[in-house]
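Engineer: Attaching a single structure in structure tokens format; questions to follow.
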Amino acid sequence: MLRLLARGSGHHGLTEIADSLGLARGTAHGILRTLQRVEFVEQDPGTGRYRLGAALLHLGTSYLDANELRSRSINWADTLAARSGQEVRIGMHHDGAVLVVHHVFRPDDSVQTLGIGAMLPLHATALGKVLLAYDPDLSAAARKRELTSLTRRTITRAQMLERVLTEVRGQGWAGEAEEYMPGEASIAAPIRIPGGLVIGAIGISGAADRLCDSAGRPRATLVRQVVQAAESVTTSLVDEN
Amino acid sequence: MQRFVMAIDQGTTSTRCIVFDQNARLVAVAQREHRQYHPRPGWVEQDAVEIWRNVDRIVPQALRQAGISAEQVVAMGITNQRETFVLWDRHTGVPVGRAIVWEDIRTEDLVTELGRKQGIEEVRDRCGLPLATYFSAPSLRWMLDNVAGLRAKAERGDVLFGTMDTWLIWNLTGGVNGGLHVTDVTNASRTMLMNLSTRQWDPMLLEFFGVPPVILPEIRPSTEISGVTTRVVPGISITAALGDQHAALFGQTCFEKGSIKGTYGTGGFLLMNTGTELVRSKHGLLTTIGYQIGGEPAYALEGSIAVAGSLVQWFRDNLGLIHSAPEIETLARTVKDNGGCYIVPAFSGLFAPHWLSQARGLVVGLTSYINKGHLARAVLEATGWQTREVVDAMNADLGAPTPVLKVDGGMTADHLLMQFLADVLDIPVMRPLVAETVSLGAAYAAGLAAGYWPDLEGLRRNWHLAARWNPAMDAQHREDEYANWKRAVELTFAWARSTPST
């Protein structure tokens, strides 16, 4: 179907597409809807005809511009900071680390430093674990490298990391307590582009005793807020595209 | 039952409905864009009916998103793009043509002509504004002169005038069936028809612009709108209205004399609260009403930058060098500086502090070395330097340097621009936790009127710092760059002089 649209005029109606490819109209329509959702195909609002979508041009390069992600998620990151009372970061993978693309201060009006552009370790932060969990190439590469020990609790064994990442995929969020810095913890959840691909993570960080319960597990309320924020950002990426 | 406040932000490119809770946290956002019409060079119009229909869709959508009912909304505040206005038939509710937008420069010649008229100094004294295409009165005069039969209809009282707040309130409160025809002082202060001291329509100004008083809405304090919706979602109290920039000043809790906020969207808008004192600028700023809660207004000085975010849009749509506006930052970061290139975006003339409507934009400093990354830098830096010019003027009028700049608006997501602002102003730039300060300001005013929040102090406690950029630029470098920018601006004056007005 994409090859057909890439040929000739590049504009085809539904019947035309179905007939050319020998598909039932319902089937062709279903495929077109799917392709439209991931922006491989777009429909001319005037004529109703289909053509190739802008997303195809970027296929294989970068999935979503970091500054675009910040711009789209700023309201939801603010809301998460307001609800949780913690500082918020949005991270994307860059060069074997988490690149912080957005940072919202903890809303207690204390003196804080803006951390946009900072790099965080993948294996020792909640943001990083999310990015690893949903990127097989990245986690394979991480397993081959030495996992630097930052605190007493940093995961340094590849097998252990793999187990944790499986858990992250299972529950849809990642947590970390004192694995990056003593006394600090973080919680993060995945941000997806249309089609489901995880391109970033949003999370909170703060004092371990605030983020975790007495058993050292991330507090359920906070987890819910983080997951909700991630879903809101994900939805906004669908909406506005 | 938990209760909420709703704001409708009728902006230049889109209309939004935002729901806030008592801690000023954003609960839901619904938004719809409307079309911009450019029927001739320099003309900018919008369809007021399309905007009304958008409101009709987004209000129920926001309620659904928040999962609440209309009874849980204690008050609604309206905020809007200022100066943009529409005329409509009182009996049918049908607009007379399209709304004329603040960016429209069709009245260039008319403004020149009016500028030679007797009494022009008096006009500025009474309304606080310089004569420019930007404000409503010249465009209103243009319509009355150019639409066949309109003046006669207007004089008979068959036509109503309204800025977008007035249009929406009239429609929400019943339209042809008893809709309220009101506006607030801040919106009225942008028409050139209101006297700043009396805060009423001024007979001399109406005479000067040839506007029949019968078409004008009643002017009320910002928090005394007192309407109830009968359409869209019936039964919600509309308690406040403010122009968008005034709402942002309020939302940023700039309640003290001397505090400044900058809103960065399509244009850039800086407002400084001057307290109960009406300050007349000696440095090219406008005098306006900040807001009016109860009897006493807070006055403000304003410096507007016509082109800020719209320069990024131009870079995206007209040059096609980026796919989305935020990518400008990515492109700008491919180079380390502007490479000696400056862009002065005087697309519709220069606003504060120059006020030269004939000026046109330019790109200077081009060499074979310059690439699109340098151009992207120059695009962002243009907003920084224009801000510097306005803040310099404010500091001069106030007689004391401002300690910080509070920022809001879509462009605050641009990290590079925010750092550049701190660098060129040499003061910290602070972003509050709720970036939507325009909507928040309208919600604050509405909630204050309804007793949802007790007082200004209660609102101030809701302001939290989300990000702060500290100045880091070398002082000598800053002054050299500023000097280059000023030279570039001067060149636009020279260009204006060399071309006959068209």
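Keeping their order, the protein sequence lines are chains A and B.
Read in numbering that gives the first Met the number 0, the first sequence has 53 at position 54, and its numbers run on one by one without any break.
Read in numbering that gives the first Met the number 0, the second sequence has 482 at position 483, and its numbers run on one by one without any break.
We put the beta carbon where it would ideally sit given N, CA and C, even for glycine.
#1: In chain A, what lies closer than 8 Å to residue 424 (chain B) by C-beta?
#2: For residue 65 (chain B), return the contacting residues in chain A, with the cut-off set at a CB-CB distance below 8 Å.
#3: Taking residue 193 (chain A) as the reference, give the member of A:177, A:236, A:225, A:106 with the closest Cα.
#4: Using the Cβ count rule (16 or more neighbours within 10 Å means buried), how would you classify residue 0 (chain B)?
#5: At a Cβ threshold of 8 Å, is residue 67 (chain A) touching chain D?
#6: Around the C-beta of residue 54 (chain B), are 16 or more other C-beta atoms found within 10 angstroms, so that it is buried, or is it exposed?
#7: Please state the DSSP three-state secondary structure of residue 186 (chain B).
#8: Given residue 43 (chain A), which residues of its chain have a CB within under 8 Å of its CB, disregarding the five upstream and five downstream residues?
#9: When the Cα atoms are used, what is the spatial distance from residue 84 (chain B) to residue 160 (chain B)?
#10: Which bits of chain A does residue 468 (chain B) rub up against, with CB to CB less than 7 Å?
#11: Output yes or no for whether 8 Å exceeds the beta carbon distance between residue 183 (chain B) and residue 241 (chain B).
#12: Who are residue 468 (chain B)'s beta bridge partners in DSSP?
#13: I need the straight-line Cα distance from residue 190 (chain A) to residue 50 (chain B), nearest angstrom please.
#14: Please identify, using Cβ separations under 9 Å, the residues of the segment 6–28 of chain B that lie next to chain A, in order along the chain.
#15: Answer with buried or exposed for residue 181 (chain B), where buried requires no fewer than 16 other C-beta atoms within 10 angstroms of its C-beta.
#16: Kindly identify the DSSP beta-bridge partner or partners of residue 14 (chain B).
#17: What does the Cβ neighbour count give for residue 501 (chain B), buried or exposed, with the cut at 16 atoms within 10 Å?
#18: Is the Cβ-Cβ distance between residue 310 (chain B) and residue 395 (chain B) less than 8 Å?
#19: Taking Cβ to Cβ, would you say residue 176 (chain A) is nearer than 8 Å to residue 205 (chain A)?
#20: Looking at the C-beta of residue 4 (chain B), does it have a partner C-beta in chain A at a distance below 8 Å?
#21: Answer with yes or no whether the minimum CB distance from residue 94 (chain A) to chain B is below 8 Å.
#22: Restricting to Cα atoms, I'd like to know which of B:392, B:208, B:448 is closest to residue 117 (chain B).
#23: Could you tell me whether the Cβ of residue 472 (chain B) comes closer than 8 Å to any Cβ of chain A?
#24: On the CB-based measure, 16 or more other CB atoms within 10 Å of its CB, does residue 147 (chain A) come out buried or exposed?
#25: Would you call residue 367 (chain B) buried or exposed, if buried means 16 or more other Cβ atoms sit within 10 Å of its Cβ?
#26: Residue 454 (chain B) and residue 243 (chain B) - do their beta-carbons sit closer together than 8 Å?
#27: Are the segment 428–446 of chain B and the segment 405–415 of chain B touching, with three or more C-beta to C-beta distances below 8 Å?
#28: With a Cβ-Cβ cutoff of 8 Å, do residue 210 (chain A) and residue 228 (chain A) count as a contact?
#29: Helix, strand or coil: how does DSSP classify residue 37 (chain B) here?
#30: Do residue 132 (chain B) and residue 356 (chain B) have their beta-carbon atoms positioned less than 8 Å apart in this structure?
#31: Please classify residue 272 (chain B) as buried or exposed, where buried requires at least 16 neighbouring CB atoms within 10 angstroms.
#32: Count the CB pairs spanning the segment 196–204 of chain B and the segment 80–98 of chain B that are closer than 8 Å, and state whether there are at least three.
#33: Using a Cβ-Cβ cutoff of 8 Å, what residues of the segment 193–209 of chain A are near chain B? List them in chain order.
#34: By the criterion of Cβ-Cβ separation under 7 Å, what are the contact partners of residue 196 (chain B) in chain A?
#35: Assign residue 273 (chain B) to one of three DSSP states: helix, strand, or coil.
#36: Which whole runs of the alpha helix (DSSP H) in the segment 232–284 of chain B are 4 residues long or more, in chain order?
Structural biologist: Short version:
#1: Position 425 of the second sequence holds residue 424 (chain B). By Cβ distance, chain A contributes nothing, its closest Cβ being about 16 Å from residue 424 (chain B), past 8 Å.
#2: Stepping through the second sequence from its first residue, residue 65 (chain B) is reached at position 66. Here the premise fails: no neighbours, minimum Cβ distance about 12 Å.
#3: Sequence index remark: in the first sequence, residue 193 (chain A) carries index 194 (1-based). Distances from the CA of residue 193 (chain A) to each of A:177, A:236, A:225, A:106 were compared; the closest alpha carbon is that of A:236.
#4: Indexing the second sequence from 1 puts residue 0 (chain B) at position 1. With fewer than 16 Cβ atoms within 10 Å of its Cβ, residue 0 (chain B) is classed as exposed.
#5: Of the protein chains in this structure, namely A and B, none is chain D.
#6: For the purposes of this step, residue 54 (chain B) is taken as residue 55 along the second sequence, with counting starting at 1. Under this definition residue 54 (chain B) is a buried residue.
#7: The residue labelled residue 186 (chain B) in the question sits at position 187 within the second sequence. Helix at residue 186 (chain B).
#8: Translated into positions along the first sequence, residue 43 (chain A) becomes position 44. Closer than 8 Å at Cβ, skipping near neighbours: 10, 49, 50.
#9: The residue given as residue 84 (chain B) occupies position 85 in the second sequence. The residue given as residue 160 (chain B) occupies position 161 in the second sequence. Between residue 84 (chain B) and residue 160 (chain B), the C-alpha separation is close to 7 Å.
#10: Translated into the one-based positions of the second sequence, residue 468 (chain B) becomes position 469. What residue 468 (chain B) touches in chain A: 113.
#11: Position 184 of the second sequence, counted from the start, is the residue given in the question as residue 183 (chain B). Position 242 of the second sequence, counted from the start, is the residue given in the question as residue 241 (chain B). Going by C-beta atoms, residue 183 (chain B) is nearer than 8 Å to residue 241 (chain B).
#12: The residue you call residue 468 (chain B) lines up with position 469 of the second sequence. In the DSSP assignment, residue 468 (chain B) forms a beta bridge with B:428.
#13: Numbered from 1 along the first sequence, position 191 holds the residue referred to as residue 190 (chain A). Numbered from 1 along the second sequence, position 51 holds the residue referred to as residue 50 (chain B). Answer to the nearest angstrom: the Cα atoms are 32 Å apart.
#14: Within the segment 6–28 of chain B, the residues whose Cβ lies closer than 9 Å to some Cβ of chain A are 22, 23, 24, 25, 26, 28, listed in chain order.
#15: On the second sequence, position 182 is the one that residue 181 (chain B) refers to. With 16 or more other Cβ atoms from the protein chains shown falling within 10 Å of its own Cβ, residue 181 (chain B) counts as buried.
#16: The residue you call residue 14 (chain B) lines up with position 15 of the second sequence. B:9, B:31, per the DSSP bridge assignment.
#17: Taking the second sequence and counting its residues from 1, the one referred to as residue 501 (chain B) is at position 502. Since pLDDT at residue 501 (chain B) reaches only 43, below the 50 mark, its modelled position is unreliable, and the value read off the structure follows with that caveat. When all chains shown are included, residue 501 (chain B) counts as exposed.
#18: Locating residue 310 (chain B) in the second sequence gives position 311, where the first residue counts as 1. Locating residue 395 (chain B) in the second sequence gives position 396, where the first residue counts as 1. No. Outside cutoff.
#19: To locate residue 176 (chain A), count along the first sequence from 1; it is residue 177. To locate residue 205 (chain A), count along the first sequence from 1; it is residue 206. Not closer than 8 Å, so no.
#20: Residue 4 (chain B) sits at position 5 when you count from the first residue of the second sequence. Not an interface residue.
#21: Within the first sequence, the letter at position 95 stands for residue 94 (chain A). Chain B, which has no Cβ nearer than 8 Å to the Cβ of residue 94 (chain A), makes this no.
#22: The residue given as residue 117 (chain B) occupies position 118 in the second sequence. Taking only the C-alpha atoms, the option nearest residue 117 (chain B) is B:208.
#23: Here residue 472 (chain B) refers to the residue found at position 473 when the second sequence is read from its first residue. Residue 472 (chain B) does not count as touching chain A.
#24: Start at 1 with the first residue of the first sequence, and residue 147 (chain A) comes out as number 148. Exposed, since its Cβ has fewer than 16 Cβ neighbours within 10 Å.
#25: Counted from its first residue, the second sequence places residue 367 (chain B) at position 368. With fewer than 16 Cβ atoms within 10 Å of its Cβ, residue 367 (chain B) is classed as exposed.
#26: Counting from one through the second sequence, the residue named residue 243 (chain B) turns up at place 244. Counting from one through the second sequence, the residue named residue 454 (chain B) turns up at place 455. Taking 8 Å as the Cβ cut-off, residue 243 (chain B) and residue 454 (chain B) do not qualify as a contacting pair.
#27: yes
#28: The count along the first sequence starts at 1 and reaches residue 210 (chain A) at position 211. The count along the first sequence starts at 1 and reaches residue 228 (chain A) at position 229. Going by C-beta atoms, residue 210 (chain A) is not nearer than 8 Å to residue 228 (chain A).
#29: Indexing the second sequence from 1 puts residue 37 (chain B) at position 38. Residue state, collapsed to three classes: coil.
#30: Against the second sequence, residue 356 (chain B) aligns to sequence position 357. Against the second sequence, residue 132 (chain B) aligns to sequence position 133. Taking 8 Å as the Cβ cut-off, residue 356 (chain B) and residue 132 (chain B) qualify as a contacting pair.
#31: In the second sequence, the residue the question calls residue 272 (chain B) occupies position 273. Buried, by the Cβ-count rule.
#32: Counting C-beta pairs closer than 8 Å gives fewer than three between the segment 196–204 of chain B and the segment 80–98 of chain B, which falls short of the contact rule.
#33: none
#34: Within the second sequence, residue 196 (chain B) is the residue found at index 197, counting from 1. The contacting residues do not exist; residue 196 (chain B) stays about 38 Å from chain A at best.
#35: Sequence index remark: in the second sequence, residue 273 (chain B) carries index 274 (1-based). For residue 273 (chain B), the three-state secondary structure derived from DSSP is strand.
#36: 243–250
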